[in-house]
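Have a look at the structure below before the remarks.
4 protein chains.
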Amino acid sequence: MGKDRVEAFSDGVIAILITIMVLEMKVPHGETLDTLVAVVPVFLSYVLSFVYLGIYWNNHHHMLHTCRHATGPMLWANLHLLFWLSLIPFATGWMGENHFAPAPAALYGVVLLMAAIAYMILQQVIIASQGRDSLLKKAVGGDWKGRLSPVLYAVAIPLAFRSQWLSLGLYVFVALLWLIPDRRIENVLRSTER
Amino acid sequence: MGKDRVEAFSDGVIAILITIMVLEMKVPHGETLDTLVAVVPVFLSYVLSFVYLGIYWNNHHHMLHTCRHATGPMLWANLHLLFWLSLIPFATGWMGENHFAPAPAALYGVVLLMAAIAYMILQQVIIASQGRDSLLKKAVGGDWKGRLSPVLYAVAIPLAFRSQWLSLGLYVFVALLWLIPDRRIENVLRSTER
Amino acid sequence: MGKDRVEAFSDGVIAILITIMVLEMKVPHGETLDTLVAVVPVFLSYVLSFVYLGIYWNNHHHMLHTCRHATGPMLWANLHLLFWLSLIPFATGWMGENHFAPAPAALYGVVLLMAAIAYMILQQVIIASQGRDSLLKKAVGGDWKGRLSPVLYAVAIPLAFRSQWLSLGLYVFVALLWLIPDRRIENVLRSTER
Amino acid sequence: MGKDRVEAFSDGVIAILITIMVLEMKVPHGETLDTLVAVVPVFLSYVLSFVYLGIYWNNHHHMLHTCRHATGPMLWANLHLLFWLSLIPFATGWMGENHFAPAPAALYGVVLLMAAIAYMILQQVIIASQGRDSLLKKAVGGDWKGRLSPVLYAVAIPLAFRSQWLSLGLYVFVALLWLIPDRRIENVLRSTER
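Residue numbers (our numbering), protein chains in the order written: chain A, 65 to 258; chain B, 65 to 258; chain C, 65 to 258; chain D, 65 to 258.
Here you go:
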């Protein structure tokens with residue numbers, strides 16, 4: 065079975081999430097620049113989630129590039145990932161509306177954690193389907209980023225009730241970690257083509 | 065005529081439905097975890113509908129895999145299926161907002177029943193277009209799941225006015241029935257490739 | 065230049081329009097079947113627009129099938145068509161909310177008329193780009209449906225201020241006219257392949 | 065790495081933006097044509113943004129046509145462009161709701177300016193990835209439109225606080241500038257194919 069529709073469907077869902085999330089930023093009532101200031105914290109939380117969804121789309125793009133076929137379990141592991149990603153706008157909205165209060169900041173971490181776990185499951189399902197010479201397995205290698213991220217989310221969740229700013233700092237830190245270009249998969253693919 | 069745009073359009077519609085449905089879960093006013101508890105029943109009804117839309121996308125993916133060309137009747141049978149699927153968020157929202165009251169639980173069953181019938185019509189249209197050696201016909205075979213599901217929905221609709229929990233149990237049961245991987249189409253395709 | 069992205073973009077826009085239009089049907093407050101009755105007229109107007117958007121997608125699918133390349137003017141003629149189609153949900157909503165009052169019924173006709181004209185422009189742009197042996201020109205032939213539809217819309221618009229029901233009857237009539245499968249393009253394509 | 069998913073994802077995001085923006089035009093309460101008059105200024109601001117998003121989709125379509133592969137930096141430069149484009153509906157809504165007041169008219173220019181800069185960055189990233197014989201570099205050549213547009217936006221932003229109508233005139237002027245078909249890329253591509 066081809067993987068084209070899995071990519072197309074995932075692209076569709078992530079494109080809708082990333083777009084509508086920004087669209088949900090409500091237009092302020094009032095025509096002065098002051099009214100715009102109130103939107104700034106909401107705007108910043110959307111920027112963070114935009115970057116996170118961008119990272120997921122980017123990594124998903126690379127991951128699916130290593131496989132040629134889509135299996136039944138892969139379809140469901142992918143839907144499972146999309147489900148948790150689809151909760152990001154909800155968590156973002158709750159966090160933004162309550163100016164980064166502890167409970168919303170913790171929930172944001174829970175959603176990020178579940179999405180990270182869902183991503184790891186999808187990765188394992190693809191590796192298992194590729195058998196011994198799995199291209200993806202070689203590509204992710206030690207995968208320290210993939211392993212560190214859920215640990216940091218798990219630390220950030222209870223931490224939010226102590227200091228939500230430390231939690232948010234961890235979320236931003238993990239995002240920056242992934243923004244640094246990840247050439248692992250590209251490198252393995254390139255060396256295979258030779 | 066190619067079937068690419070039928071797949072692309074269906075992917076688009078289902079991706080929008082599955083995503084926006086979760087987005088419609090309103091952010092609660094209040095920053096404590098208690099306010100989140102009120103969202104739980106709504107959340108659960110969305111999970112059920114997410115799974116149902118996932119099942120339809122999955123089966124649709126497999127079904128269209130067996131055919132190479134799209135005919136006029138197939139385009140309309142597909143739009144008819146998408147129409148009923150597009151009512152799932154409405155039925156989900158009404159059911160969630162009224163905490164699984166009898167009438168909304170019955171309407172949810174009506175939409176599922178109509179979608180199941182629309183799916184069967186699309187299946188028959190494709191089989192008819194493939195002629196005698198229809199790959200899809202071989203693949204679905206006895207199709208006990210496809211035949212049992214509408215019967216169970218038809219039972220669940222009047223049952224909702226007696227006990228909506230029994231109806232909901234039936235909806236969950238049918239969903240689980242389909243979640244068990246359906247290797248029929250994959251098997252036939254694989255044996256054909258040999 | 066390929067036409068793939070024109071198709072993908074149009075599929076995306078029409079998929080969003082057709083889906084979100086139905087999603088805009090608001091969940092009624094109240095858990096009895098009576099509350100559902102109030103939604104029926106709104107529902108019916110959405111069904112009509114769903115069918116219209118389905119017809120446009122269908123015809124668009126067939127029309128682009130006859131051409132291999134996308135030119136600059138074609139891209140803009142296509143965007144122009146999508147612009148008028150994107151006003152269908154607005155016109156549908158205004159008509160549904162006001163229970164088919166004269167002015168909204170007339171506006172609905174205006175949007176249908178402009179979309180029909182935009183479709184004809186796109187058709188002419190494609191025919192012009194294909195030159196003498198235009199496959200599309202052969203396919204549409206006399207095109208009595210394409211010519212009759214805008215005339216009927218133009219009649220229906222002023223008629224709405226006399227009797228909106230006659231106008232609505234005309235809109236339904238034109239939709240049924242197009243629902244009857246249009247084998248013209250399919251036939252020409254088939255005879256070309258031989 | 066293929067560029068298909070970059071195109072598909074961008075098409076998805078722009079299709080959602082362009083469609084939902086028009087959908088956000090609220091249905092007026094009241095069934096007479098007078099109630100429609102109040103929507104006209106909002107409608108006009110949506111038309112302007114529809115044209116702008118159409119121009120971006122069009123140019124994006126041409127630009128990606130010159131490259132065969134998607135690199136990591138290209139994915140992020142593209143996401144960066146999509147981010148600023150996703151703010152166009154927000155700026156449009158704020159401007160429309162406040163009847164083209166100075167601050168909203170200035171913000172509209174800021175978003176256009178940032179999108180134009182993001183587009184230039186994406187263009188440079190693609191040219192850099194193509195190396196010496198960059199097809200895109202030849203195609204854009206002097207690129208006076210691409211260089212003039214951000215200058216005019218930068219002029220229009222402070223000007224809005226003097227006269228928002230002059231600013232709006234500049235926005236309309238730049239849009240018309242791009243609407244004039246840009247055959248540069250098409251020409252270079254054509255001459256290469258020979």
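All C-beta atoms in this analysis are idealised placements derived from N, C-alpha and C, irrespective of residue type, glycine included.
Below 8 Å, too few C-beta pairs join the stretch 157-166 of chain B and the stretch 151-158 of chain C to call them touching: fewer than three.
If you draw a straight line from the Cα of D68(B) to the Cα of L232(C), it is about 34 Å long. Taking CB atoms only, I80(D) has a neighbour in chain A less than 8 Å away. Spatial neighbours of V175(C) in its own chain (CB-CB distance under 7 Å, excluding positions within 5 residues in sequence) are listed in chain order as W148, L151, I152 and A155. Interface annotation, V115(C): not in contact with chain D, CB-CB separation never under 8 Å. Inside the stretch 74-115 of chain C, DSSP marks whole alpha helix (DSSP H) runs of 4 or more residues at positions 97-101, from first to last along the chain.
Going by DSSP, K67(B) is part of no alpha helix (DSSP H) at all; its letter is neither H nor E. In chain order, R69, A72, F73 and G76 make up the part of chain C whose C-beta sits under 7 Å from the C-beta of D75(D).
In this structure, the straight-line span from the alpha carbon of F237(C) to that of C131(C) is close to 30 Å.
Between the stretch 181-199 of chain C and the stretch 137-145 of chain C, the count of Cβ pairs shorter than 8 Å is three or higher; the stretches touch.
At a C-beta separation below 7 Å, G118(D) has these neighbours in chain C: L143. Excluding its 5 nearest sequence neighbours in each direction, V106(B) has C-beta neighbours in its own chain below 7 Å: M89 and G160, listed in chain order.
Counting along the chain, F237(A) sits inside the alpha helix (DSSP H) bounded by residues Q228 to L243. Identification of chain A residues near P168(D) by a Cβ-Cβ cut-off of 8 Å yields E95, ordered along the chain.
For A224(C), the closest C-alpha among the options L97(D), I119(D) and I221(D) is that of L97(D).
Classified as buried, I80(D) has 16 or more neighbouring CB atoms from the shown chains inside 10 Å of its CB. Unbroken alpha helix (DSSP H) stretches of 4 residues or longer found wholly inside the stretch 137-180 of chain B: 152-161, given in chain order. Excluding its 5 nearest sequence neighbours in each direction, I78(B) has C-beta neighbours in its own chain below 8 Å: L117, Y120, W121, H124, L146 and L149, listed in chain order.
Within its own chain, the residues whose Cβ lies closer than 6 Å to the Cβ of A179(A), once the five positions on either side in sequence are excluded, are W148 and L149, listed in chain order. For L87(B), a Cβ of chain A is located within less than 8 Å of the residue's own Cβ. Interface criterion not met: the Cβ of T156(C) is under 8 Å from no Cβ in chain B.
Rounded to whole angstroms, H93(D) and S227(A) show a C-alpha spacing of 47 Å. Secondary structure note for A224(D): it is in no alpha helix (DSSP H), with a DSSP letter that is neither H nor E. Residues L128 of the same chain have their beta carbon placed closer than 7 Å to that of E71(C), with the five preceding and five following residues left out of the count. Minimum Cα-Cα distance from I82(B) among the listed residues D75(B), G76(B), F114(B) and V104(B) corresponds to F114(B).
For V86(A), the CB contacts under 8 Å within the same chain, skipping 5 residues up- and downstream, are Y110 and F114 in chain order.
Rounded to the nearest whole angstrom, the CA to CA distance from L240(A) to L143(D) is 15 Å.
The beta carbon of I221(B) sits closer than 8 Å to those of A170, G173, V174, L177 and S231, all from its chain and outside the five residues before and after it, given in chain order. For F107(B), not one C-beta of chain C is nearer than 8 Å to its own C-beta. No Cβ-Cβ contact shorter than 8 Å links G76(A) with G210(D).
Under the Cβ distance rule, N122(C) counts among the residues neighbouring chain B, one pair being separated by less than 8 Å. Secondary structure at G195(A): coil, using DSSP grouped into helix, strand and coil. Not a single CB atom of chain C sits nearer than 8 Å to the CB of S198(B).
In terms of beta-carbon proximity, P137(C) stays away from the interface with chain B, with every pair separated by 8 Å or more. With a 10 Å radius around the Cβ and a threshold of 16 neighbouring Cβ atoms, H126(D) comes out buried.
Spanning the alpha carbons of I181(D) and P214(D) requires a straight line of approximately 7 Å.
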